[in-house]
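Using our numbering, the first residue of the sequence shown is number 332, and each one after it goes up by one.
Glycine is no exception: its CB is placed at the ideal position from the N, C-alpha and C atoms.
Keep in mind it's a predicted model, so treat the numbers as computed, not measured.
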Amino acid sequence: MNDPSASCFRLDDRVALVTGATRGIGAAIARELAFAGARVVLTGRDDARAANAAAALSAEGVHAIGMGYDARLPGEAERLADRVQTELGRLDVLVNNAAVLRPHVIAKLKEEEFDELFQVNVKSALFLTKALRPLLEASAHGVVLNITAAGAQAPMAGIGAYCASKAALVNLTRTLAKEWTPLGIRVNALTPGSTATDMILPVDPEKRARFVAEMASQNPMNRIAEPVEIARAARFLVSDAASYVTGHVLVVDGGLLA
Ligand SMILES: NC(=O)c1ccc[n+]([C@@H]2O[C@H](COP(=O)([O-])OP(=O)(O)OC[C@H]3O[C@@H](n4cnc5c(N)ncnc54)[C@H](OP(=O)(O)O)[C@@H]3O)[C@@H](O)[C@H]2O)c1
332 MNDPSASCFR LDDRVALVTG ATRGIGAAIA RELAFAGARV VLTGRDDARA ANAAAALSAE
392 GVHAIGMGYD ARLPGEAERL ADRVQTELGR LDVLVNNAAV LRPHVIAKLK EEEFDELFQV
452 NVKSALFLTK ALRPLLEASA HGVVLNITAA GAQAPMAGIG AYCASKAALV NLTRTLAKEW
512 TPLGIRVNAL TPGSTATDMI LPVDPEKRAR FVAEMASQNP MNRIAEPVEI ARAARFLVSD
572 AASYVTGHVL VVDGGLLA
């Protein structure tokens, strides 16, 4: 029996770009979109990191290309957009995933850390999105997905500036949805809860086990997410299965914010 909705979740013939796709949630999203049929551009902080991540994915038999993109540097968004235009000539899906976390209570937060958080997590994502607008507008399936964090809705002591940067990204997502949906570009946000990646997990195994147990105890599922669980929600939002979804913030947090 043919499932009439199955094709809505496919991304064949589309080009997707995922920032910060060398590891963690970004790598899982890139893999998910590539297996859905998209040609995927993976970015990392430099060409070599991005090329390694793309080669690992290509080895699985899907189409992946690596491009360096350091969100701290001025002009990078425009340079990356030019490269996508020149080398691929189209873009259907943009996932703004790259981010940094600088854990500090506000009393100890340095100005340069605040600037870096807002540069990488907000400004660069916004200006990359702007630079890619002509390609997204030319697509019949243009879609932007911004990866935010539960802290945008429920600020957490010790990571206040990071939470504020994600709150700004949520707000910009909703404005962009109002301005760009009439152009044929859907714009949404995806809010993961605690997820097993380098960003949050301590390297020391004992500290890691304690940290995971503590994070898990904060949600009713009593566990943290695996990156693929976030990636599957991302696939839904960027696919035609979500054709009437725009300006939405989808929370995938095991019930943390319930
Ligand atoms: N993990 C969680 O619990 C959690 C929870 C809520 C939201 N999130 C959000 O989910 C997204 C992915 O997080 P993650 O946990 O997968 O993080 P991660 O494991 O730390 O990976 C971060 C990614 O961002 C890239 N990146 C870092 N600095 C960059 C810069 N200056 N310019 C360009 N790229 C840069 C890294 O590239 P390199 O490899 O080149 O450094 C890497 O690919 C982020 O937006 C994060 O805020 C995560």
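- Query: For the beta strand (DSSP E) that contains R370, what are its first and last residues?
  - Reply: Counting along the chain, the beta strand (DSSP E) containing R370 begins and ends at R370 to G375.
Let me know if D378 comes out buried or exposed under the rule of 16 or more other beta-carbons within 10 Å of its beta-carbon.
exposed
Please report how far the alpha carbon of T522 lies from the alpha carbon of L463, in whole angstroms.
23 Å
L527 and E363 look like a contact to me (Cβ under 8 Å); what is the Cβ gap, rounded to whole Å?
The question names Leu, yet the displayed sequence has Ala at residue 527. The pair is not a contact, with the Cβ atoms about 16 Å apart (cut-off 8 Å).
Could you check what DSSP says for N452 in three-state terms: helix, strand or coil?
-> Residue state, collapsed to three classes: helix.
**Request:** Provide the residue span of the alpha helix (DSSP H) that contains N502, from first to last.
**Result:** G491 to W511
- Task: To the nearest angstrom, report how far apart P533 and A589 are at their CA atoms.
- Result: Rounded to the nearest whole angstrom, the CA to CA distance from P533 to A589 is 26 Å.
Using a 10 Å radius around the Cβ and a threshold of 16 neighbouring Cβ atoms, would you call G473 buried or exposed?
buried
- Query: To the nearest angstrom, how far is it from the Cα of S574 to the Cα of A337?
  - Reply: 14 Å
inquiry  = I'd like to confirm the pairing. Which residues does DSSP put opposite T526 in its beta bridges?
reply    = A556
Please confirm whether any heavy atom of ligand 2 lies closer than 8 Å to the CB of G524. Judged by which ligands are present, ligand 2 is missing from the structure shown, whose ligands are ligand 1.
| CA-to-CA distance, A471 to D535, given in whole angstroms | 47 Å
* Any chance the CB of K509 is under 8 Å from a heavy atom of ligand 1? -> no
Checking 9 Å against the spacing of the C-beta atoms, do A402 and T350 come in under that value? A contact, by the Cβ cut-off of 9 Å.
**Asked** Going by the beta-carbon positions, is the gap between A365 and E391 smaller than 9 Å?
**Response** yes
Going by DSSP in three states, G482 sits in which element: helix, strand or coil?
helix
Check your understanding: If N477 and A495 are in contact, beta carbons under 8 Å, what's the gap, nearest whole angstrom?
Key -> That belief does not hold up - the Cβ atoms of N477 and A495 are roughly 15 Å apart, past 8 Å.
Checklist entry - Excluding sequence positions up to five away, which residues of its chain have a Cβ less than 7 Å from the Cβ of Q484? => result L588
- Start and end residues, beta strand (DSSP E) containing N427: V424 to N427
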